[in-house]
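Just below is one structure, and these are the notes that go with it.
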Amino acid sequence: MIDLVRPGAAVALLLASASPALAQTDASAPVEMVVDTAKPGSKIDRNIFGQFAEHLGTGIYGGVWVGKDSPIPNVRGIRKDVVAALRAIRVPNVRWPGGCFADEYHWRHGIGPAKDRRVSINSNWGGATEPNSFGTDEFMDFVDQIGSDAYVSVNIGSGTVAEAAEWLEYMTADPATTAGRERAGNGHAAPYKVKYLGIGNESWSCGGAMTADHYADVMKPFARFVRNYNPAQAADSPGAMQRIAVGPGDDNLSYTESVMKAWKAHDWAWSIEGLSLHRYTTGGGWPVTQPSTGFDEGRYARMLKETLGMDETIAKNAAIMDKYDPEKKVAIAVDEWGAWLAPNPGSNPGFLQQQNSMRDAILAALNLNIFARHADRVRITNIAQMINVLQAMILTDKEKMVLTPTYHIYKMYLPFQDATYMPVKFDGGTYTQGDIKLPRVDAVAVRDTAGKLWLAVTNLDPNRPAKIVARFPGVQPRAARGEMLTAPRVDSVNSFEAPNAVVPKPFTGKAGKAGVALELPGKSVAVVQIDL
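Position 452, counted from 1, in the sequence shown is what my numbering calls 463; the numbers after and before it change by one each time, with no gaps.
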């Protein structure tokens with residue numbers, strides 16, 4: 012293993028300098044962290060690592076689906092390389108078919124023989140032809156291949172309650188029923204499982220431009236009549252389908268207020284289990300102008316400052332939800348988030364193609380840390396998007412595939428799935444760029460499902476290394492080992508020509524009586540297991 016902590020005297024000095032004080036007064040002094048293993052917090056639901064796959068650009072066609080006759084290796088038309096990569100990060104759920112596309116999607120256009128499927132125009136995203144080759148049965152095959160759960164968004168913008176109800180019946184009813192026989196005739200006799208049901212998408216905008224109160228009224232019949240018939244998902248069972256209502260975009264709190272007020276007054280006839288929240292990092296609002304490559308340190312700092320605002324956005328919405336739901340029965344589902352940047356030069360602007368840099372990996376880590384701190388209320392999130400669109404895990408070009416820096420963060424954070432949050436106290440100091448001031452260091456700790464302790468540390472400062480001393484009161488650590496991700500520049504990317512420019516490397520810390528000493532280079536993320 013490569014030991015990226017300087018051995019010998021430097022580490023000894025770090026350990027010797029540890030003191031009970033948490034305040035950092037010198038930028039060169041070690042950042043002291045205290046992990047309180049005696050006061051565990053909330054469970055971090057593995058579903059905060061969810062993905063989002065919309066019919067948008069090459070996210071589906073070319074990214075997931077290549078067709079059964081493609082020379083690209085596939086299983087029933089679904090790319091083998093993509094499936095293997097997604098299985099490796101244990102994707103918990105995939106949200107589909109949108110997005111704005113969902114509220115113009117009519118599910119019957121995407122079932123049955125390929126020759127009979129309707130070909131239409133994707134008016135939301137680039138005016139592309141939508142062949143409906145990838146429909147309900149293909150999506151369910153895909154999530155089964157990657158070992159994930161289905162998060163299906165139904166059409167309430169241009170669809171009806173009856174259409175949505177019939178779709179869920181097609182997916183989940185017994186094969187003895189008419190709907191079940193139709194599904195069996197299309198190749199799948201057993202009922203599918205639908206873990207999450209999205210009741211519309213951005214109904215305040217592309218999903219119908221509804222007022223909050225109007226949406227709350229429209230939502231109720233969908234919550235009542237769109238049923239899951241799969242016996243394995245019976246109501247009140249651990250596997251019961253969870254219904255996610257449309258919530259706010261950014262800081263528009265009216266939807267949170269109206270939907271939660273309606274939920275508070277609900278009776279036996281209907282309910283919801285989650286409220287969505289959408290928040291993108293654009294580095295300057297709409298229309299987006301921030302490039303995904305070739306940006307300077309000022310733009311880097313601006314993007315990170317904006318993404319840290321996710322914490323306040325969640326806190327504001329959680330405070331409203333607490334008024335109506337102090338027991339936190341209704342989850343926040345941040346089912347669209349990530350970096351939304353200017354399209355790659357020469358690409359179709361409606362395809363939302365962008366590169367994925369070391370900056371975006373840091374952005375992802377900061378958001379995952381925020382979600383972990385709010386694990387009592389945030390129980391599902393979906394990064395936008397999974398493949399070839401916005402802040403993607405994977406980029407493809409015909410037979411080629413590359414894993415992005417953001418993908419590597421998700422793989423490094425695997426121990427956090429269903430782990431228990433452990434409080435960490437620290438003063439991370441300040442990273443200053445122009446008039447922007449950010450914390451130099453961010454950190455979270457968890458105890459995983461096997462009882463092992465993990466510490467994730469992010470150094471936001473792109474120029475200076477961060478020395479860390481982590482203490483665990485009452486316990487002396489024996490070792491610290493894991494992985495670290497960094498790159499030569501904040502805009503370093505993985506390309507088809509250089510797919511391993513930004514990849515994790517083995518990383519170790521030095522354990523001693525005072526704790527664990529780590530030294531992170533600038534612009535880096537480390538995730539280490541602490542042996543106690």
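Using N, Cα and C, we set each Cβ at its ideal position, and we do this for glycine too.
Excluding its 5 nearest sequence neighbours in each direction, V165 has C-beta neighbours in its own chain below 6 Å: A175, listed in chain order.
Taking 3 residues as the minimum length, the beta strand (DSSP E) runs contained wholly in the stretch 61–144 are 61–63, 104–107, 131–133, 139–141, in order along the chain. The Cβ-Cβ distance between V105 and S159 falls below 8 Å. At a Cβ-Cβ threshold of 8 Å, G523 and V42 do not count as neighbours. For R458, the enclosing beta strand (DSSP E) starts and ends at 452–458.
Boundaries of the alpha helix (DSSP H) harbouring H225: 223–236, taken from the DSSP string.
For L286, the enclosing beta strand (DSSP E) begins and ends at 285–292. Using a 10 angstroms sphere on the CB of A187, the tally of other CB atoms stays under 16, which defines it as exposed. Taking the Cα positions, D247 is about 10 Å away from Q253.
Judged by pairs of C-beta atoms under 8 Å, the stretch 178–187 does not touch the stretch 219–235, as fewer than three such pairs exist. R384: member of the alpha helix (DSSP H) spanning 369–384, first to last residue. Runs of the beta strand (DSSP E) lying entirely within the stretch 297–353 and spanning at least 3 residues, in chain order: 342–350. Nearest Cα to Y424 within the set G462, F112, F306, N380: N380. Under the criterion of beta carbons closer than 8 Å, M404 and T392 do not qualify as touching, at roughly 14 Å. Cβ-Cβ separation between G218 and G361: approximately 18 Å, too far for a contact (criterion under 8 Å). Under the three-state reduction of DSSP, E494 is assigned to strand.
Beta bridge pairing from DSSP links K478 with E530. L363 places its beta carbon less than 8 Å from that of L401. Judged by beta-carbon spacing, I331 lies within the 8 Å limit of M271, meaning their Cβ atoms are closer than that value. Here I157 carries a helix assignment [DSSP, helix/strand/coil].
Between the stretch 302–311 and the stretch 270–284 there are fewer than three inter-stretch CB-CB distances shorter than 8 Å, so the stretches are not counted as touching.
Taking C-beta atoms under 8 Å as the contact rule, V75 and V93 qualify, at a distance of about 6 Å. Just so you know, the alpha carbons of Q366 and Q444 end up roughly 23 Å apart. DSSP places Y203 in the coil class of the three-state scheme, outside both helix and strand. Membership of Y424 in any beta strand (DSSP E) is not indicated, and neither H nor E is assigned to it by DSSP. Under the DSSP assignment, A256 falls in the beta strand (DSSP E) whose first and last residues are 253–256. In terms of Cβ geometry, V205 and I167 do not form a close pair [threshold 8 Å]. With a 10 Å radius around the Cβ and a threshold of 16 neighbouring Cβ atoms, E508 comes out exposed.
The beta carbons of L374 and A350 sit closer together than 8 Å.
Judged by DSSP in its simplified three-state form, P517 adopts strand. Counting the other Cβ atoms within 10 Å of the Cβ of E410 gives fewer than 16, which makes it exposed.
Residue pairing by DSSP puts E43 in a beta bridge opposite V480.
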